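Read in the UniProt record's numbering, the first sequence has 692 at position 692, and its numbers run on one by one without any break.
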Amino acid sequence: MTDRFDPAVADRRWQKRWAEARSFQADSNSAKPKSYVLEMFPYPSGRIHMGHVRNYTMGDVLARFRRMQGYEVLHPMGWDAFGMPAENAAMEKKVHPGTWTRQNIATMREQLQRIGFALDWSRELATCEPNYYGHEQSLFLDLMEAGLVFRKESEVNWDPVDMTVLANEQVIDGKGWRSGAPVERKKLSQWFLKITDFAEDLLEGLGTLDQWPDKVRLMQQNWIGKSRGLQFCFRLAGTAPGGACDIEVFTTRPDTIFGASFVAISPSHPIGEALAAERPEVAEFIARARAGGTSAAEIETAEKLGFDTGLEVLHPLDPDWRLPVWIANFVLMDYGTGALFGVPAHDVRDFEFAKKYHLPIRRVVADSPRGADEPVVEAEPGAGIAVNSRFLDGLASDQATAEVIKRAEAAGWGEGKTQYRLRDWGVSRQRYWGTPIPVVHCEECGPVGVPRDQLPVVLPEDVSFELPGNPLDRHPTWTTVDCPKCGAAARRETDTLDTFVDSSWYFIRFASQPDNRPFDRAEAEKWLPVGQYIGGVEHAILHLLYARFWTRALERIGKIGIKEPFKGLFTQGMVTHETYESLDGRWLNPDEVAVAENGALVERATGTAVRLGRVEKMSKSKKNTVDPEPILDRYGADAVRWFMLSDSPPERDLEWSESGIEGAARFVQRVWRLALAPKGNDGHDAALLRKLHRAIAAVGEAIEGLQFNKSVAALYELASAIEKAKPSATRDEAIRTLLLLIAPGAPHLAEEAWAARGETGMIADASWPAFEPGLLVDDEVTIAVQINGKLRDTMTAARGLSREDAEVLALALPKVQAQLGGGTPRKVIVVPDRLVNIVA
RNA sequence: GCGGACGUGGCGGAAUGGUAGACGCUGGAGACUUAAAAUCUUCUGCCCCUAGAGGCGUGCGGGUUCGAGUCCCGCCGUCCGCACCA
């Protein structure tokens, strides 16, 4: 035993002991209450970064805390192992994606183990292995049989040089991020999941997620984007009444129907395309309208373009009123019906369009019935009173809306409808490194699901990346199969699944992993839903929405009895660091920067000045990352863990700093010195005992609320109270309890100290201490004395002092007398044991 | 444009409407030491030649209250999400 805690020895020792004892293996058959703690599993990009360390430390503290509280805890880890970086590495480094990925997993697993996380490694999984994605294929077939999978033509970003599909983020200034070639829009037949079937349910379910951040719920709500309105038909002028619907539109503002001055259709609308076939000038306009990217920035600056088709439609409420039909670039084909009617006076976008093309702007909503003739200087999208609207005049906007819908439904030209912004989930990726979609295309039978007994459809590993495009497409044998239905020669589907599919059910597979099926329902339901899910807010929408959808889909087909996969969600902040920039604009690594004698920052190599940049999220491009590994070497796992928990509230960003990690390391040594204090003292220390019990309560409450910075502060207070206390039996007990309280955060230190103090068993198996409620308060209290709400003095008194006595004591204080100057107070307010406020 | 969050010392941050600044970092002074590291003690919001039984202080301006960092109204600023969604 030395007077310094040596993490280099202790960390390994206890990691080995926990592994040997299988301390963190979750027993599905345990009689204890269950607790499922999960952090978002990592993409195996190469090495663990500080963001992982922070995320997993938080989850680990909670998992260890729950275990000490007597729960059977499931705290697993795995790898979100499919995805593009592996293919990029394959092309750049000539290494197979599988090799690259599996090496990264091995490295990162070892790194995680060095930090001493209480993980059940027996349940580890990687989504790139057939024993995971094979089960995913079977679930895909289940959804297909249930009618939740369909094929649709859809536009993609196509890189003509790399011959590959690009995600929106890979299109930069309209060019492929790798090839630099202008990106084309190309229509491909792709696989979709019917998430829109669940739009209403996903929206309603948000109401039950009271342990989710409001922010995330709101983001999902906006993403689903429900709106109520009227869907109705315009008939083209010159066609017979009662015929088919010519142009169908959707509007959330039926009350403005008399303000319509044009109808606009999307460049992709069938009517436009039909016209284009006959009139070259239409085709030319459509081509121009479609050019330009789909990114937000481009759309923002895009000028509104319109083309008057010369066609006219009849106003549904006045057959003598004709509206021109325009093709407009701002009308989206995949929202609503791909067509709308424009009301320039009350829609910003329609206003801009009408100004440009000199279309009528007619006020139909005003603040009051008298405002009918007020000029419209800018779009007024708000609600009000209907004007210039015939039978609607005088009605409030919502009444007018209801009236128009009523009439439309009665007359049969339209109906009230709910629209969602949410689109169906396109899961096809023309990529190699992903789960093969288990389908065979047969000329006779169409797309046919691969029979269950032929699963998994294993991704072939004998592929090359020498040529551009998806290597699966040119595989000599893999694509050639017989149709499972008719036996004729057929071709295997070469699209793979979006990796978000892999992460949509991994938490179920963690809970139950039989060999012959994706999961056992009864076993999975013992653990699910996940009690606490922790991850970055960047997954607030897509991953969390897809997982909620997938769980609901499984529920609908009877595979599982829950709809919501994650009961509690916590989104932690990022780990940030200062950035450094050389005078010629290069980003510098922190270790390339030194502090000169005059205190200025200089570049180590050249001695030239360095500019201190903003504090930003650690990223390779800004070169402000700090690799956890050397830090672990230097300070040990517990100091790193402790720093991740202290300083910032978990939901906010944490700035990495040298002084911060050193402070944490100092605390580790402080606790160790306390642990070395001789035991077996006599005597009682009532004040310390109260502080101890207050700390037990405060730390427990803070961890429960995931406020780790507060639990750290409470432990610092306790440690310094113990340091200041004289030896006593109480102090011995306080030291023992301190070890229990730090055990979730600094487990190696806690174990080492536990053993050093001669305690039996591992602290990992110990129980969380209880506190005595009666000991949480002091006998003596400090009472604030205010005059007119301003603090003037304080006084010490026994707890439970009566109102009357408090008032008398306060009025007798010299400072109070001086302030009052002999006058009588008008009123005295007493909050027992807290304060006396004298109103003069 | 729409939606949301947040503004507290030199810094990160604490504060059921009741003593603002817990705890940590940084910095000052001191102790121990031949010296350094480590450790310990102590001070550390601002103002004032009046150092006090003093004044001012939680982005700014109002309001409610005996009492406001906290509640209400209006601004300003920063950050985040969505974005031609009919």
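Glycine is no exception: its CB is placed at the ideal position from the N, C-alpha and C atoms.
In this text, all values refer to a predicted model and were calculated from it rather than measured experimentally.
{"Query": "For Phe82, the first and last residue of its enclosing beta strand (DSSP E)", "Result": "No beta strand (DSSP E) holds Phe82; DSSP gives it neither H nor E."}
{"Query": "Per-residue burial, Arg228 [other beta carbons within 10 Å of its own, 16 or more giving buried]", "Result": "exposed"}
{"Query": "C-beta atoms of Ala818 and Met795 nearer than 8 Å", "Result": "no"}
{"Query": "Rounded C-alpha distance that separates Lys186 from Leu166", "Result": "11 Å"}
{"Query": "Proximity below 8 Å, CB of Glu807 to CB of Val781", "Result": "no"}
{"Query": "Contacting residues, own chain, Cβ-Cβ under 8 Å from Val828 (five flanking each side not counted)", "Result": "Glu807, Ala810, Leu811, Val836, Asn837, Ile838 and Val839"}
{"Query": "Asn157 in three-state terms, based on DSSP", "Result": "strand"}
{"Query": "Delimiting residues of the alpha helix (DSSP H) encompassing Gln113", "Result": "Pro97 to Arg114"}
{"Query": "Ala19 burial status per 10 Å Cβ neighbour count (16 or more: buried)", "Result": "exposed"}
{"Query": "Of the residues Trp223, Phe250, Met219 and Gly225, the one placed nearest Phe234, counting alpha carbons only", "Result": "Phe250"}
{"Query": "Separation of Pro529 from Lys34, as counted between CA atoms", "Result": "11 Å"}
{"Query": "Residue 848 versus Gly745: straight-line alpha-carbon distance, rounded", "Result": "The structure shown does not extend to residue 848, since the chain is modelled only from 1 through 840, so no value can be given for it."}
{"Query": "Rounded straight-line distance, which links the Cα of Leu209 to that of Arg517", "Result": "29 Å"}
{"Query": "Close-in-space but distant-in-sequence residues of the same chain around Arg826 (CB under 7 Å, 5 per side omitted)", "Result": "Val839 and Ala840"}
{"Query": "Under the three-state DSSP convention, the category residue 841 falls into", "Result": "Because the chain in this structure spans residues 1 to 840, residue 841 falls outside the shown range and cannot be described."}
{"Query": "C-alpha gap between Pro369 and Val387, whole angstroms", "Result": "6 Å"}
{"Query": "Three-state secondary structure (DSSP) of Asp793", "Result": "strand"}
{"Query": "DSSP-derived helix/strand/coil call for residue 844", "Result": "What the structure shows of the chain is the stretch from 1 to 840, and residue 844 is not part of that stretch, so it cannot be assessed."}
{"Query": "Proximity below 8 Å, CB of Ala339 to CB of Ile247", "Result": "yes"}
{"Query": "Between the CA atoms of Glu443 and Ala276 - distance to the nearest angstrom", "Result": "32 Å"}
{"Query": "Inter-residue CB distance, Ser582 and Thr608 (contact presumed, cutoff 8 Å)", "Result": "7 Å"}
{"Query": "Those residues which DSSP pairs with Cys233 across a bridge", "Result": "Glu248"}
{"Query": "Straight-line gap, Phe24 to Leu112 (C-alpha atoms, nearest Å)", "Result": "14 Å"}
{"Query": "Assigned secondary structure, Tyr716 (DSSP; H/G/I helix, E/B strand, else coil)", "Result": "helix"}
{"Query": "Proximity below 8 Å, CB of Glu461 to CB of His96", "Result": "yes"}
{"Query": "Same chain, Cβ closer than 8 Å to Ala237, neighbours up to 5 away in sequence not counted", "Result": "Leu311, Glu312, Val313, Leu314 and Arg322"}
{"Query": "Contact the stretch 410-418 vs the stretch 68-82: 3+ CB pairs below 8 Å", "Result": "no"}
{"Query": "Separation of Leu467 from Met91, as counted between CA atoms", "Result": "9 Å"}
{"Query": "Beta strand (DSSP E) segment containing Asp320, residue limits", "Result": "Asp318 to Ala328"}
{"Query": "C-alpha distance - Gly531 paired with Ala637, whole-angstrom precision", "Result": "26 Å"}
{"Query": "Test item: CB-CB of Ala366 and Glu374 under 8 Å", "Result": "yes"}
{"Query": "Best match in Met40, Pro270, Gly46 and Ser728 for proximity to Thr57 [C-alpha to C-alpha]", "Result": "Met40"}
{"Query": "Per-residue DSSP class, three states only, for Thr608", "Result": "coil"}
{"Query": "Gln786 (DSSP reduced to helix, strand or coil)", "Result": "strand"}
{"Query": "DSSP three-state assignment for His684, whether helix, strand or coil", "Result": "coil"}
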